[in-house]
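Working notes for the structure below.
Protein chains in written order, with the working numbering: chain F, 7 to 676; chain P, 7 to 676.
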């Protein structure tokens with residue numbers, strides 16, 4: 007049954023966007039980033055509407071309002087910018103505005119008798135506005151009241167149509183009346199839509215993954231957190247801002263895996279950092295071979311000094327000798343023979359990993375303990391967590407955890423490592439993860455990249471799923487990198503760093519172009535650091551470090567690359583050439599990227615830009631400044647010729663510089 | 007704050023579709039028409055899910071359930087068919103099924119010790135299912151209990167891997183266990199989504215609008231409802247099933263409009279039926295010149311005998327002499343001079359129309375009275391209302407009204423006459439109107455028709471906005487019809503009747519090809535029936551009546567044309583040729599339509615069908631039977647040549663007849 011409280015409410019808000027599942031999940035923005043809200047507002051007949059976007063921090067009682075502007079097709083628009091990370095709510099209100107209706111109709115009226123009668127109607131409406139101003143009662147309101155009363159009197163006193171029109175349509179007076187609308191019959195969007203505002207690094211970040219145990223200055227020695235600290239200058243020099251470490255906890259000894267995932271481990275094998283826990287401690291301890299908690303804090307502090315921060319990997323699973331297994335046997339499932347159920351996906355068995363039984367009746371204690379793991383590391387100064395395989399733990403747990411941690415620490419960022427089906431990745435992003443790994447590693451052709459990044463930037467996830475693109479990870483050495491050589495590494499680096507505002511590499515394997523797989527058809531690295539120490543000759547002269555450094559500088563200097571909103575793809579007549587642009591209108595910053603996707607051959611072709619979309623005048627030349635090579639090209643119009651030789655550099659990263667004045671030097675390009 | 011009642015609930019329902027605004031408005035179907043529901047159901051890890059679509063009549067306490075089937079990408083599907091019009095609710099439930107998980111993993115296990123342990127786990131699960139069967143307690147359940155207990159025992163007793171596997175994977179036993187799942191930790195979609203089921207005519211109807219006052223057998227006499235009754239045989243002969251009459255109420259005398267909308271009316275001018283009310287009565291009275299209420303009931307009854315029904319036009323507005331104006335002065339707005347506010351859109355004035363003031367404090371009495379108008383005509387046997395300009399009355403009023411009337415009379419159909427902006431039309435459809443007029447009259451080119459009908463059939467309104475396409479109305483004589491001659495009338499008829507399952511014509515103006523506008527640039531008919539009597543020579547030899555009759559027969563005989571779901575458009579290499587198909591899979595009925603959109607010239611070209619979509623084999627010939635001309639063409643493959651000469655007939659309406667056996671006569675075509 008439709009219940010109607012007051013049938014006189016004629017304004018209708020038919021939709022408010024963005025909204026995730028009608029407000030079930032929060033829209034995400036970062037501090038300083040605008041949220042543009044569109045409301046579809048309707049009224050029967052011809053009356054004038056007014057609409058307000060309203061918003062507030064979640065804990066605040068009072069709404070702030072921004073007047074919405076009509077944008078055609080019954081859509082009303084306004085934008086808000088939250089300056090601080092936190093949880094917010096927003097919505098809309100709309101009402102039929104008798105004063106605005108009167109004024110609009112008055113302007114169209116023609117016959118004199120009609121104008122005189124309409125002036126009486128208007129004077130009455132203005133007196134009502136004056137009364138409301140009087141009730142509001144501040145000095146400004148009382149001044150408004152007096153001016154409105156004078157206006158009404160003037161309107162009542164006039165007779166001549168021209169005078170009537172001049173008085174009635176006075177803009178300044180109308181602005182005063184508009185400050186005191188009659189909102190008694192306003193419609194309010196029934197849901198207070200949630201908005202999560204993260205700090206800017208949730209939107210724009212450059213990650214570098216490294217294994218501290220491989221950071222020793224000499225080959226063969228087990229690296230430590232202190233060695234990782236020494237490596238920070240190198241990483242900062244590359245231009246990264248997030249240094250991500252695999253789990254730093256004690257590694258299980260029972261069922262430990264050996265080199266190249268062999269079973270059983272040989273004496274001296276260091277084991278996988280993801281097999282967490284031993285008698286030396288569990289998820290709140292530091293692996294003794296890496297150092298101490300104090301070393302970790304020092305690492306965090308030093309990263310901070312260098313403008314970076316440490317991200318920790320949280321993998322919610324246990325080695326068989328993790329202290330939880332004996333302290334909380336009820337958190338694990340038993341097999342009929344009484345042993346603890348290890349992870350399995352028959353016929354595969356992962357006997358070195360005990361998953362938690364999230365269906366345990368003791369789930370609340372388990373959840374609280376797992377929350378305390380995050381809180382523990384937050385206590386050490388960590389604010390970014392890369393969560394290992396979140397899709398193998400309950401969705402409801404993550405929603406609860408991220409909500410609690412996020413409320414206590416609005417600066418915490420969670421990256422979901424879920425390489426799984428789209429619906430699962432979207433659900434994790436919807437329930438709160440700040441960033442998500444992507445399928446980028448497996449998107450290689452122009453068609454694949456265009457479809458996928460168009461979907462990421464403009465598809466249904468655009469308001470909640472922030473992609474983080476990685477060309478490689480310790481688990482993913484793609485065929486492209488195995489066989490494409492230096493050009494493939496360079497191209498994949500440029501693609502990741504320019505297609506996605508968040509990106510990362512697993513180094514030094516990446517910049518040293520490590521490319522040998524364990525076996526044909528595998529994406530596992532041979533002699534993977536996951537199971538053994540490696541020594542990385544980071545000073546090798548052929549390292550891609552200079553290109554990495556340059557790309558990261560370009561990202562820092564060009565706001566267009568710090569968001570995915572302004573991404574668009576353009577046609578090329580050579581399928582091996584992909585062309586796209588990112589544009590930041592506020593900063594008037596536009597980057598056009600062209601990449602040769604074929605690491606073996608030079609390719610040339612015509613690209614066709616959408617000049618209007620890029621803010622480039624059709625009839626004026628513009629300069630394309632290649633930020634990789636330094637070369638500058640004078641282009642004109644939409645169609646332009648490019649040629650890329652992967653032997654030299656498989657990409658252009660072109661900054662658009664428009665002429666300020668027609669007959670000036672290039673120095674005057676913006 | 008995220009509150010968690012039971013953290014062990016691991017199944018997640020991430021989406022249920024269709025749903026209009028998350029369940030704020032009802033999805034629409036007709037009795038016997040399937041509703042296919044898709045739920046996105048997820049669980050962490052690899053466990054097996056089961057999902058149920060649940061539904062019930064709104065007044066029923068008990069849900070009925072249909073098991074959903076996985077359809078890839080975490081989507082689960084099921085369909086329901088409501089046999090009776092009414093209000094329903096639907097939703098979904100999903101749970102992690104330990105038994106199904108066990109069985110799936112058992113099938114993949116390899117080593118013997120593992121199989122033996124897994125058999126113990128399975129036996130325990132089966133015993134739990136047996137216990138649940140025992141609790142359910144019907145005879146069938148108890149039989150299940152015993153068979154499950156025996157199964158568990160057999161499983162516990164086996165040792166040999168082959169025997170274990172044979173017992174564990176017994177299909178029949180698994181089916182029994184599946185009847186008794188453990189649903190204690192199931193997830194339920196939180197919204198009980200509304201579904202409105204109308205009778206089939208809401209989806210498939212053929213309307214004929216006529217003015218009873220022009221139905222007199224002799225020119226110059228005011229026609230009556232009795233004359234309209236005599237005309238019903240003609241309309242039934244044309245094949246229509248809804249006869250729609252403009253308002254039948256007394257016509258106001260004050261401010262009456264004369265012929266061709268002239269002011270003032272001359273003596274003898276009959277006035278506009280939309281200027282409702284005089285001392286003779288208002289919205290519940292019959293215009294004395296048309297006859298009596300008894301005549302109206304006779305008309306309704308006779309239409310029923312002929313397989314048709316009468317639709318009445320309800321226009322919620324008053325002539326100045328409507329009884330409401332004096333009886334309920336508070337329902338009208340006053341001007342400052344004390345006169346009643348007439349309708350206006352400055353500088354235009356409609357002094358013959360007083361709109362209701364829906365912002366009156368007495369709104370509830372007004373709403374109740376207006377509801378009683380509908381109830382009054384329902385009491386006379388009317389079940390279809392064409393609502394005049396609903397977008398000039400509050401949306402909230404219509405939502406309330408349609409809800410109340412619909413609950414009391416689930417067979418009532420409301421057609422919204424709102425030729426206005428898309429958002430407004432969609433809102434009216436969302437809040438409950440069963441059918442909507444469309445922009446069809448102004449969509450002429452291949453591109454326009456393709457875009458618009460693709461949007462109507464497959465766009466966001468597909469689950470709530472049922473289009474009703476009219477080539478003409480008393481208010482709309484398009485340029486196409488003014489200047490296109492017979493071919494334009496024929497083409498527009500075929501387009502309306504095949505693109506839209508609901509369509510209508512305003513006759514006899516349509517079949518007699520009335521085409522002179524009041525003035526150049528106007529879409530008003532010269533000497534419009536809206537303001538004067540007309541006499542229609544329906545027996546004129548050039549009438550389009552035979553084509554209308556044929557088209558309506560084709561619609562009745564081909565289920566594909568009775569819905570818009572199966573509409574798809576195909577490429578043609580001549581822009582003046584539009585080609586599209588409708589397909590009904592259940593009935594294996596496919597209609598392909600080709601129309602020459604240029605009424606002046608013959609056009610030929612190649613069309614390219616999507617054979618897969620039409621269920622036609624790539625490698626077999628098929629027959630195209632032109633239901634308009636009777637011709638039969640043998641086609642093969644996707645590309646085929648067509649030529650249409652509008653001087654003969656501007657369209658093919660082709661029924662696809664596939665061969666049953668390769669070497670048979672055409673008589674064996676299906």
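Here a beta-carbon is modelled for each residue, glycine too, at the ideal position from N, C-alpha and C.
Everything numeric in this text was worked out from a predicted model, so none of it was measured.
Count the other C-beta atoms from every protein chain shown that fall within 10 angstroms of the C-beta of residue i, then say buried if there are 16 or more, exposed otherwise.
i	result
residue 65 of chain F	exposed
residue 466 of chain F	exposed
residue 512 of chain F	buried
residue 177 of chain F	exposed
residue 671 of chain F	Legend: pLDDT at residue 671 of chain F = 48, less than 50; position of this residue unreliable, no value from coordinates given.
residue 258 of chain F	buried
residue 216 of chain P	buried
residue 666 of chain F	Residue confidence for residue 666 of chain F is low, a pLDDT of 49 falling below 50, so the modelled location carries little weight; the figure read from the coordinates is stated next. The residue is exposed, with fewer than 16 neighbouring Cβ atoms inside 10 Å.
residue 165 of chain P	exposed
residue 97 of chain F	buried
residue 19 of chain F	buried
residue 591 of chain P	exposed
Does the CB of residue i have a neighbour CB from chain P at under 7 Å?
i	result
residue 634 of chain F	no
residue 670 of chain F	In this prediction, residue 670 of chain F has a pLDDT of 47, which is less than 50 and means its spatial position is unreliable; nothing more can be read from the coordinates.
residue 48 of chain F	yes
residue 115 of chain F	yes
residue 674 of chain F	Because residue 674 of chain F carries a pLDDT of 47, less than 50, the predicted location of this residue cannot be relied on, and no value is offered for it.
residue 353 of chain F	yes
residue 500 of chain F	no
residue 65 of chain F	no
residue 600 of chain F	no
residue 101 of chain F	no
Please determine whether the Cβ atom of residue i lies at a distance below 6 Å from any heavy atom of the ligand ADP.
i	result
residue 157 of chain P	Absent from the structure shown: the ligand ADP. Ligands present: none.
Quick test of your reading: residue i and residue j, contact by CB under 8 Å. State the CB separation rounded to the nearest angstrom.
i	j	result
residue 84 of chain F	residue 203 of chain F	That belief does not hold up - the Cβ atoms of residue 84 of chain F and residue 203 of chain F are roughly 17 Å apart, past 8 Å.
residue 571 of chain F	residue 463 of chain F	7 Å
residue 446 of chain P	residue 502 of chain P	6 Å
residue 418 of chain P	residue 317 of chain P	The Cβ separation is near 11 Å, so there is no contact.
residue 469 of chain F	residue 26 of chain F	6 Å
residue 394 of chain F	residue 319 of chain F	6 Å
residue 557 of chain P	residue 518 of chain P	Going by Cβ atoms, the distance from residue 557 of chain P to residue 518 of chain P rounds to 16 Å, so no, they are not a contact pair.
residue 434 of chain P	residue 442 of chain P	7 Å
Quick check on residue i - is its C-beta less than 7 Å from some C-beta in chain F?
i	result
residue 397 of chain P	yes
residue 202 of chain P	no
residue 401 of chain P	yes
Problem - Length at least 3, wholly inside the segment 363 to 395 of chain F: the beta strand (DSSP E) runs in chain order - result: 390 to 394
Practice task
Kindly confirm or deny that the segment 202 to 221 of chain F and the segment 457 to 476 of chain F touch, where touching means at least three C-beta pairs closer than 8 Å.
Solution key: yes
Problem - Sequence ranges, beta strand (DSSP E) only - wholly within the segment 626 to 651 of chain F, length at least 3 - result: 627 to 632, 638 to 642, 645 to 650
Practice task
Count the C-beta pairs between the segment 592 to 603 of chain F and the segment 476 to 485 of chain F that are closer than 8 Å, then say yes if the count reaches three, no if not.
Solution key: no
Problem - Segment contact, 8 Å Cβ cut-off, at least three pairs: the segment 602 to 616 of chain P with the segment 485 to 500 of chain P - result: yes
Exercise for the section: Would you mind listing the alpha helix (DSSP H) stretches within the segment 392 to 427 of chain P that are 4+ residues and don't spill past its ends, in chain order? Expected result: 401 to 414
Problem - the segment 71 to 80 of chain P contacting the segment 138 to 149 of chain P, beta-carbon criterion three pairs below 8 Å - result: no
Problem - the segment 570 to 585 of chain F touching the segment 224 to 243 of chain F, judged by at least three CB pairs closer than 8 Å - result: no
Exercise for the section: Assess, as a yes-or-no matter, whether the segment 534 to 552 of chain F is touched by the segment 564 to 579 of chain F under the definition of 3 or more beta carbon pairs within less than 8 Å. Expected result: no
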